[in-house]
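For the sequence shown, the numbering used here assigns the number 7 to the initial residue and increments by one for each residue that follows.
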Amino acid sequence: MTIKTAKNDYPILDQLRERWSPRAFNGQPIEKEKLQSIFEAARWTPSASNIQPWRFIVGEKGSETYKLIASTLVEFNQLWALTAPVLFLAIANKTTPKGGTNTAALYDLGQAVANLTFEASALGIYVHQMGGFDNTEAARLFDVPDNYTVATAIAVGYIGDPEILHENLKKMEISPRERRKAHESVFTGKFGQASEIFD
Ligand SMILES: Cc1cc2nc3c(=O)[nH]c(=O)nc-3n(C[C@H](O)[C@H](O)[C@H](O)COP(=O)(O)O)c2cc1C
Numbered sequence: 007m008t009i010k011t012a013k014n015d016y017p018i019l020d021q022l023r024e025r026w027s028p029r030a031f032n033g034q035p036i037e038k039e040k041l042q043s044i045f046e047a048a049r050w051t052p053s054a055s056n057i058q059p060w061r062f063i064v065g066e067k068g069s070e071t072y073k074l075i076a077s078t079l080v081e082f083n084q085l086w087a088l089t090a091p092v093l094f095l096a097i098a099n100k101t102t103p104k105g106g107t108n109t110a111a112l113y114d115l116g117q118a119v120a121n122l123t124f125e126a127s128a129l130g131i132y133v134h135q136m137g138g139f140d141n142t143e144a145a146r147l148f149d150v151p152d153n154y155t156v157a158t159a160i161a162v163g164y165i166g167d168p169e170i171l172h173e174n175l176k177k178m179e180i181s182p183r184e185r186r187k188a189h190e191s192v193f194t195g196k197f198g199q200a201s202e203i204f205d
């Protein structure tokens, strides 16, 4: 949907311009080899001390795993996410192999999800991350050990028709994506002092 293409001020990769987080999926299953590539992309993410703290629990529509993940979503997300053919949980191991705290765990998990998102984007597949779910319940349902944290639930699929959505969700689906300008996030000298890169 061209309305969702980033209105970028400087050139960026097509996968970054065209990625967005849809709420309408068309229900078409995702081919196994594409799912393999998506999680392979996550595998090659950099991580602190190469600990690779990411873990994923993946459910395809019709499976018990899918149903259980869906049951943890807040009502707002249940309104749309169940059109996705795949739901998965993104989980971080909070500990180092020596038993200490891995302070980079969530950072690295986020990078892994970013990588898989762009791999998906290159394959014409869309990813929508969700913080709106009960992560304690998700951990309980899937016997996730205490030293792991369930960070997000994620919907994956091919884009669908916004018409299938509830009225106010439909509006969000067809409105342009907004971002503050790059110079508002990129500083030099002191925090908050805009970098001259963007002058
Ligand atoms: C960690 C995280 C949690 C999110 N939680 C939700 C959510 O619970 N429900 C939802 O509809 N969208 C959720 N989103 C999607 C964001 O709202 C979306 O990425 C943001 O508005 C930017 O839109 P874009 O991804 O289309 O560029 C979440 C995104 C992230 C990264």
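Idealized CB from N, CA, C, for every residue including glycine.
What would DSSP say about Q21, mapped onto helix, strand or coil? helix
If you measure from the CB of H189, is any heavy atom of ligand 1 nearer than 7 Å? no
Just to check my reading of the structure: A90 and A159 have Cβ atoms closer than 8 Å, yes? What is that Cβ distance to the nearest angstrom? Actually they do not touch by this definition, with Cβ atoms about 10 Å apart.
In terms of alpha-carbon separation, which member of F62, I170 and L85 lies closest to L41? F62
Taking Cβ to Cβ, would you say F45 is nearer than 8 Å to L115? no
With respect to 7 Å, is the separation between the Cβ of Q84 and the closest non-hydrogen atom of ligand 3 below this value? Ligands present in the displayed structure are limited to ligand 1, and ligand 3 is not among them.
Please tell me whether S53 has its Cβ less than 8 Å away from any Cβ of chain C. Protein chain content of the structure displayed is limited to a single chain, and chain C is not contained in it.
Which stretch, first to last residue, makes up the beta strand (DSSP E) that contains V2? This structure leaves residue 2 out entirely; the chain is present only between 7 and 205.
Given 8 Å, three or more beta-carbon pairs between the region 99 to 106 and the region 122 to 135: no
Counting only runs that start and end within the region 110 to 190, where is the alpha helix (DSSP H) found for 4 or more residues in a row? 111 to 128, 141 to 147 and 173 to 179
Comparing C-alpha positions only, which one of Q117, A188, G198 and S201 sits nearest to P52? Residue Q117 is the option with its Cα nearest to P52.
Is it buried or exposed, P28, if we count other Cβ atoms within 10 angstroms and call 16 or more buried? buried
From which residue to which residue does the alpha helix (DSSP H) around R49 run? K38 to R49
Could you give the DSSP three-state label for I57: helix, strand or coil? Three-state DSSP puts I57 in coil, outside helix and strand.
Taking the alpha helix (DSSP H) that F82 falls in, what are its first and last residues? E81 to A87 is the span of the alpha helix (DSSP H), which, as asked, contains F82.
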